[in-house]
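In what follows, a single structure is set out as structure tokens and then discussed.
Number of protein chains: 4
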Amino acid sequence: MTAFEPRNPGYRAAAIAMFEGQPAMRTLGVVIVRLAPGEVELAMLHSPAFTQQNGFIHAGIITAGLDNACGVAAFTLMPCEADILTVEFKTSLLAPARGERFIFKAEVVKPGRTLTFCEARAFAEHEGKTTLIAAMTGTLMAMLPREAANTAPA
Amino acid sequence: MTAFEPRNPGYRAAAIAMFEGQPAMRTLGVVIVRLAPGEVELAMLHSPAFTQQNGFIHAGIITAGLDNACGVAAFTLMPCEADILTVEFKTSLLAPARGERFIFKAEVVKPGRTLTFCEARAFAEHEGKTTLIAAMTGTLMAMLPREAANTAPA
Amino acid sequence: MTAFEPRNPGYRAAAIAMFEGQPAMRTLGVVIVRLAPGEVELAMLHSPAFTQQNGFIHAGIITAGLDNACGVAAFTLMPCEADILTVEFKTSLLAPARGERFIFKAEVVKPGRTLTFCEARAFAEHEGKTTLIAAMTGTLMAMLPREAANTAPA
Amino acid sequence: MTAFEPRNPGYRAAAIAMFEGQPAMRTLGVVIVRLAPGEVELAMLHSPAFTQQNGFIHAGIITAGLDNACGVAAFTLMPCEADILTVEFKTSLLAPARGERFIFKAEVVKPGRTLTFCEARAFAEHEGKTTLIAAMTGTLMAMLPREAANTAPA
Chain A
1 MTAFEPRNPG YRAAAIAMFE GQPAMRTLGV VIVRLAPGEV ELAMLHSPAF TQQNGFIHAG
61 IITAGLDNAC GVAAFTLMPC EADILTVEFK TSLLAPARGE RFIFKAEVVK PGRTLTFCEA
121 RAFAEHEGKT TLIAAMTGTL MAMLPREAAN TAPA
Chain B
1 MTAFEPRNPG YRAAAIAMFE GQPAMRTLGV VIVRLAPGEV ELAMLHSPAF TQQNGFIHAG
61 IITAGLDNAC GVAAFTLMPC EADILTVEFK TSLLAPARGE RFIFKAEVVK PGRTLTFCEA
121 RAFAEHEGKT TLIAAMTGTL MAMLPREAAN TAPA
Chain C
1 MTAFEPRNPG YRAAAIAMFE GQPAMRTLGV VIVRLAPGEV ELAMLHSPAF TQQNGFIHAG
61 IITAGLDNAC GVAAFTLMPC EADILTVEFK TSLLAPARGE RFIFKAEVVK PGRTLTFCEA
121 RAFAEHEGKT TLIAAMTGTL MAMLPREAAN TAPA
Chain D
1 MTAFEPRNPG YRAAAIAMFE GQPAMRTLGV VIVRLAPGEV ELAMLHSPAF TQQNGFIHAG
61 IITAGLDNAC GVAAFTLMPC EADILTVEFK TSLLAPARGE RFIFKAEVVK PGRTLTFCEA
121 RAFAEHEGKT TLIAAMTGTL MAMLPREAAN TAPA
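Chains as they are written, first to last, in UniProt numbering: chain A, 1 to 154; chain B, 1 to 154; chain C, 1 to 154; chain D, 1 to 154.
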């Protein structure tokens, strides 16, 4: 992977603040494990409250972790005044989300002034083994202040 | 839309049981509003616990509702002994998830013996106005007992 | 569907000129059948040169028709000086592309200043029967002159 | 990447025969450059016949190359009597398809008895420089003879 040069020297604090400003991440118990320009790793413990009918974590919850990983990764490369929106993502479910802990790794593949393209993968840690359980590709959008003022989100 | 003929005469009870077997839906407060062969409508009240940094519902949570709507819609057309898996979905975020209540409508576009293709839309009800906020297309897979026994989930 | 108000009064001529400026459409034999603000229908005759190993039209060629339908539909709602780019699309292949003639219908679901979200469906006409064979959702981007001047395409 | 064990010892000849059985690949001038279990690289020279309004290769044609790369990669891991179908793919267009030659690299991320998940990337070679121009994720399906006999393609 290319090393990316952040445009915002305070990218680290900005990304953490954006992440911590999301009650949904606290509710799901998602935390930042690693953060670098254009790359992020999040983790989440298993919680019975977020399972589906077979006891695995719900695909939407796995998607929330993957989407957030993409968002934080993209945000580290945006200018300091930008807000960020998800335009779209696709999630492929590759194996059941069975495990004690889940990891969400995202990286920026192509940053842009307006749009950033990211890829992310989710892994389950189960009885000492790590399994790839899902893959996401997503498009994120930077909203700059004057644009944000008078625009619908796309 | 075509009217679909359910293969499972008890499709209604089966779909409700599958839905109610998901702790994630209870935790998010998602309920079934309408159910017909190949069609479903779910609803969810706003909850601050599932918001992102701007106070809107997190895209992953909206996706959980959309995915579940697709899953239930597809499940109504599956044979009675089938279990269901999501293969993949794509969510497009069209407007902020701002509102007091959210609706998830899904319908089967193409049922199949193994794979079912669904479309779903999410709407936000905010101050008396209903807005389309997200669209999903997804592929769901029927797992029949003997297959489920000896197979990885895809 | 909502009726859309084109921002470019000459949208019809502009969309046709953009479409006819594409050698790929001529090579594939795709033509415009119907054009309205935010909506388009294209058609293509079967050609053995574009088939896959079972004699059906290749999924990439069906996708070219669908993508172009989305592009023209989105373009009808863009300002007159805009150029258009496809950001991403997903195609679901629902049935074999078997037939004498193929139809690609697209409509704008959510127009925006920068991004436009479209849906499209492909149909095959075979021995007097019309079958839905594929569905696309796509994101298109308007490039305005000053932006186009100094930007990479996303 | 994991090394994959092909189930069909004649996977190489089978994959080449499947590829060469596609008139669309000949028409587009796509050729196999490299082939290994679960991995393939295709190449295509620029052709003015397949360009869009700015002289770049049409996104649908790039998608045809990417889809075929995924199909061949998936096919190398299928049993010898299987036929292959594309279920769905998403293409993200990252940069204009400007160049003299285009490369399509695909690899299997998760093989399965019924479904195989692949990722692919397209690169443009232009004036001695290679640029990532597009990324695909796709789901492919193995059709076994008795299944193929009595089933619609999904």
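Every residue gets a Cβ at the ideal spot worked out from N, C-alpha and C, and that includes glycine. Note that the structure is predicted; figures quoted are calculated from it, not measured.
message: Against chain C, does residue 115 (chain A) count as a neighbour if the rule is that its beta carbon must be under 8 angstroms from one of theirs?
response: With 8 angstroms as the cut-off, residue 115 (chain A) counts as an interface residue toward chain C.
message: Using only the alpha-carbon positions, how far apart do residue 5 (chain C) and residue 38 (chain C) sit?
response: Spanning the two alpha carbons is a distance of roughly 9 angstroms.
N- and C-terminal bounds of the beta strand (DSSP E) containing residue 91 (chain B): Counting along the chain, the unbroken beta strand (DSSP E) around residue 91 (chain B) starts and ends at 83-93.
- prompt: Taking Cβ-Cβ distances below 8 angstroms as the criterion, which residues of the region 75-91 of chain D are in contact with chain B?
  reply: Within the region 75-91 of chain D, the residues whose Cβ lies closer than 8 angstroms to some Cβ of chain B are 87, 88, 90, listed in chain order.
field: Straight-line Cα distance separating residue 72 (chain B) from residue 62 (chain B)
entry: Going by the C-alpha atoms only, they are around 16 angstroms apart.
field: Burial state of residue 82 (chain D), where buried means 16 or more other Cβ atoms lie within 10 Å
entry: Under this definition residue 82 (chain D) is a buried residue.
task: Please specify which runs of the beta strand (DSSP E), each continuous and at least 3 residues long, are wholly inside the UniProt domain "Thioesterase" (54-129) of chain D, giving them in chain order.
output: Taking 3 residues as the shortest admissible run, the UniProt domain "Thioesterase" (54-129) of chain D contains the following complete beta strand (DSSP E) segments, listed from N- to C-terminal end: 83-93, 101-110, 115-126.
query: From residue 106 (chain D) to residue 26 (chain D), what does the alpha carbon distance come to, in whole angstroms?
result: Cα-Cα distance, rounded: 19 angstroms.
- prompt: Residues in its own chain within less than 8 angstroms of residue 170 (chain B) by CB, not counting five upstream and five downstream?
  reply: Since the first and last residues shown for chain B are 1 and 154, residue 170 (chain B) lies out of range.
- prompt: For residue 7 (chain D), does the three-state DSSP call read helix, strand or coil?
  reply: Coil at residue 7 (chain D), not helix or strand.
query: Taking only beta-carbon atoms, is residue 109 (chain B) less than 8 angstroms away from chain C?
result: Chain C contact via Cβ: present.
query: Between B:65, B:28, B:59, which lies nearest to residue 47 (chain B) when the distance is taken from Cα to Cα?
result: Taking the Cα of residue 47 (chain B) as reference, the smallest distance to any Cα among B:65, B:28, B:59 is reached at B:28.
message: Give me the subset of the region 35-53 of chain B whose CB atoms are less than 7 angstroms from a CB atom of chain A, sorted by chain position.
response: Listed in sequence order: 48, 49, 50, 51, 52, 53.
message: Along the chain, where does the alpha helix (DSSP H) containing residue 24 (chain A) start, and where does it finish?
response: Its alpha helix (DSSP H) spans residues 23-28.
- request: Measure from the C-beta of residue 139 (chain A) to each C-beta in chain C and report whether the shortest distance is under 8 angstroms.
  value: Yes, because at least one Cβ of chain C sits closer than 8 angstroms to the Cβ of residue 139 (chain A).
- prompt: Do residue 66 (chain D) and residue 110 (chain A) have their C-beta atoms within less than 8 angstroms of each other?
  reply: In this structure, residue 66 (chain D) sits away from residue 110 (chain A), with a CB-CB distance that is not shorter than 8 angstroms.
task: Kindly say whether residue 131 (chain B), judged by its beta-carbon, lies nearer than 8 angstroms to any beta-carbon of chain D.
output: The C-beta of residue 131 (chain B) comes no closer than 8 angstroms to any C-beta of chain D.
task: Can you tell me the Cβ-Cβ gap for residue 119 (chain B) and residue 130 (chain B), rounded? I've got them flagged as a contact below 8 angstroms.
output: Rounded, the Cβ-Cβ distance is 18 angstroms, inconsistent with contact.
task: Step through the CB atoms of chain C and report whether any lies within less than 8 angstroms of the CB of residue 18 (chain D).
output: Yes, its Cβ sits closer than 8 angstroms to a Cβ of chain C.
query: Roughly how far, in whole angstroms, is the beta-carbon of residue 91 (chain B) from the beta-carbon of residue 88 (chain A), given that I think they are within contact range, below 8 angstroms?
result: Your pair residue 91 (chain B) and residue 88 (chain A) checks out as a contact, with CB atoms roughly 6 angstroms apart and the cut at 8 angstroms.
query: Can you find a C-beta in chain C that's less than 8 angstroms from the C-beta of residue 142 (chain B)?
result: Cβ-Cβ to chain C under 8 angstroms: no for residue 142 (chain B).
message: So that I know if they touch, is there some Cβ in chain D lying closer than 8 angstroms to that of residue 124 (chain A)?
response: With 8 angstroms as the cut-off, residue 124 (chain A) does not count as an interface residue toward chain D.
message: In the DSSP assignment, the beta strand (DSSP E) including residue 43 (chain A) goes from what residue to what residue?
response: Under the DSSP assignment, residue 43 (chain A) falls in the beta strand (DSSP E) whose first and last residues are 39-45.
- prompt: With DSSP run on the structure shown, which of helix, strand or coil describes residue 151 (chain D)?
  reply: Confidence at residue 151 (chain D) is low in this model, with a pLDDT of 46, below 50, so its placement is unreliable and the value that follows should be read with caution. For residue 151 (chain D), the three-state secondary structure derived from DSSP is coil.
task: Report, in whole angstroms, the separation of the C-beta atoms of residue 84 (chain C) and residue 135 (chain C), which I expect to be a contact under 8 angstroms.
output: With 8 angstroms as the limit, residue 84 (chain C) and residue 135 (chain C) do not qualify as a contact, their Cβ atoms being about 21 angstroms apart.
- request: Use the C-beta contact count for residue 34 (chain A): other C-beta atoms within 10 angstroms, 16 or more gives buried, fewer gives exposed.
  value: The residue in question, residue 34 (chain A), is exposed, as its Cβ has fewer than 16 Cβ neighbours within 10 Å.
- prompt: How many Å lie between residue 12 (chain D) and residue 86 (chain C) at the Cα?
  reply: Rounded to whole angstroms, residue 12 (chain D) to residue 86 (chain C) spans 35 angstroms at the Cα level.
- request: Could you work out which residues of chain D lie near residue 9 (chain C), taking near to mean beta carbons separated by less than 7 angstroms?
  value: Result: empty, since nearest Cβ-Cβ is about 21 angstroms, beyond 7 angstroms.
- request: Out of A:122, A:16, A:45, A:22, point me to the one whose CA is closest to residue 32 (chain A)'s CA.
  value: The closest CA to that of residue 32 (chain A), considering only A:122, A:16, A:45, A:22, is found on A:16.
Cβ neighbours of residue 101 (chain B) in the same chain (closer than 8 angstroms, five flanking residues each side left out): Once the five neighbours on either side are set aside, the close Cβ partners of residue 101 (chain B) are 43, 44, 45, 46, 124, 125.
- prompt: Comparing alpha-carbon positions, which option in C:23, C:78, C:36 lies nearest residue 64 (chain C)?
  reply: A check of alpha carbon separations from residue 64 (chain C) across C:23, C:78, C:36 identifies C:23 as the nearest.
- prompt: If the cut is a Cβ gap below 8 angstroms, which residues of chain B does residue 61 (chain A) touch?
  reply: Within chain B, the residues near residue 61 (chain A) are 24, 60, 64.
query: residue 21 (chain A) CB to nearest chain B CB: under 8 angstroms?
result: By this cut-off, residue 21 (chain A) is an interface position.
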